[in-house]
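Quick note: the sequence shown, position 23, residue 22 per numbering that gives the first Met the number 0, numbers continuous.
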Amino acid sequence: MLLRFVGLCVVAGVVVAPALPRQPAKPADNVVDKAEKKHVVRLSARLDRADVHPGDLVRLTEVVPAGKGIKVFAANHEFILVGDYDPKLGELVNLDRRENVFVRLEDRDPFEGLHSNLLMAHGFPLNVRTPREQGIEFEFRPNRIGIFSIVANWLVDDKDEGKSQRWYSQPVVLVVRPPFDAAGKPVVKPEWLDFDQP
Numbered sequence: 000m001l002l003r004f005v006g007l008c009v010v011a012g013v014v015v016a017p018a019l020p021r022q023p024a025k026p027a028d029n030v031v032d033k034a035e036k037k038h039v040v041r042l043s044a045r046l047d048r049a050d051v052h053p054g055d056l057v058r059l060t061e062v063v064p065a066g067k068g069i070k071v072f073a074a075n076h077e078f079i080l081v082g083d084y085d086p087k088l089g090e091l092v093n094l095d096r097r098e099n100v101f102v103r104l105e106d107r108d109p110f111e112g113l114h115s116n117l118l119m120a121h122g123f124p125l126n127v128r129t130p131r132e133q134g135i136e137f138e139f140r141p142n143r144i145g146i147f148s149i150v151a152n153w154l155v156d157d158k159d160e161g162k163s164q165r166w167y168s169q170p171v172v173l174v175v176r177p178p179f180d181a182a183g184k185p186v187v188k189p190e191w192l193d194f195d196q197p
């Protein structure tokens, strides 16, 4: 039985309001805009070494043009495993993105000294300052074997635009290979393969 009154209807004892035309939400002044959802690349990231062994020191530099009035409150990193070690072959192999086998390493940081989420209430000191660029530099050591895509993103208070935004870098790729012994055979420790261990 369907009863209609005062713009409402009752269906099986439940009052249902009629569907109203959907109004677009008005964004707040400091809310992330749609461009951010597309992960627009505003940071430039680079590694000082792209092919290393576990335990080697690596430097990741994340910069923007000098002169931008910014404060960085969060520096985050997304780690995706795009290549893995095949013990039977004794070689690194590329994972096939068409088979959806890329692995997002959430809560399993494969690097000592470079974390997924870093927050600083008063803002990160920009330890890279040149006439052309400013930014943050991280030093870390890989503790897993594999091929890793790293994407940096900052939560930025942009004084020029008057709002907080999330800025992304392009992916950088780090290859972490096993070292070789005197006979030319790869040396692989179990902890270099197990992503469930710290």
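C-beta: ideal position from N, C-alpha, C; glycine also. Keep in mind that this is a model prediction, so the values were computed, not measured.
Who are residue i's beta bridge partners in DSSP?
i    : result
V174 : D50 and I146
A74  : L117 and W153
T60  : R45 and E136
R165 : L154
F123 : Beta-bridge pairing links F123 to no other residue.
P130 : Paired residue(s): none; P130 is not in a bridge.
Round the Cβ separation of residue i and residue j to the nearest angstrom and send it over; I've been treating them as touching at under 8 Å.
i    : j    : result
P141 : P109 : 6 Å
A74  : L117 : 5 Å
Quick check: what's the CA-CA separation for residue i versus residue j?
i    : j    : result
E35  : H76  : Here the model assigns E35 a pLDDT of 49, short of 50, so the residue's position is not dependable and the matter cannot be decided.
I79  : K70  : 27 Å
P185 : T60  : 30 Å
S163 : V174 : 34 Å
P197 : E111 : Confidence in P197 is poor, its pLDDT being 45 and thus under 50, which makes the residue's placement too unreliable to answer from.
V187 : V150 : 27 Å
R204 : H52  : The structure shown has nothing for residue 204, since the chain only spans 0 to 197.
L154 : I135 : 13 Å
L192 : G145 : 8 Å
H121 : P177 : 40 Å
L125 : D156 : 14 Å
R128 : V92  : 38 Å
D47  : H114 : 18 Å
F139 : G54  : 9 Å
L94  : P189 : 20 Å
Q133 : A181 : 43 Å
K158 : F123 : 15 Å
Y167 : R143 : 24 Å
D50  : R96  : 21 Å
Y84  : F179 : 14 Å
V39  : M119 : 23 Å
F72  : R45  : 21 Å
Whose CA, out of the options, lies closest to the CA of residue i?
i    : options                  : result
V172 : E160, G82 and D55        : G82
L42  : P170, G89, D50 and F147  : P170
K37  : A182, D95, E190 and R165 : R165
F137 : R96, G161 and V57        : V57
P130 : V62, F72 and D50         : V62
G183 : M119, G89 and R45        : G89
E160 : V100, R96, A49 and K67   : K67
F101 : M119, S148, K158 and V39 : S148
>> Runs of 3 residues minimum, wholly inside the stretch 79-105: which ones carry the beta strand (DSSP E) assignment?
In response: 90-93
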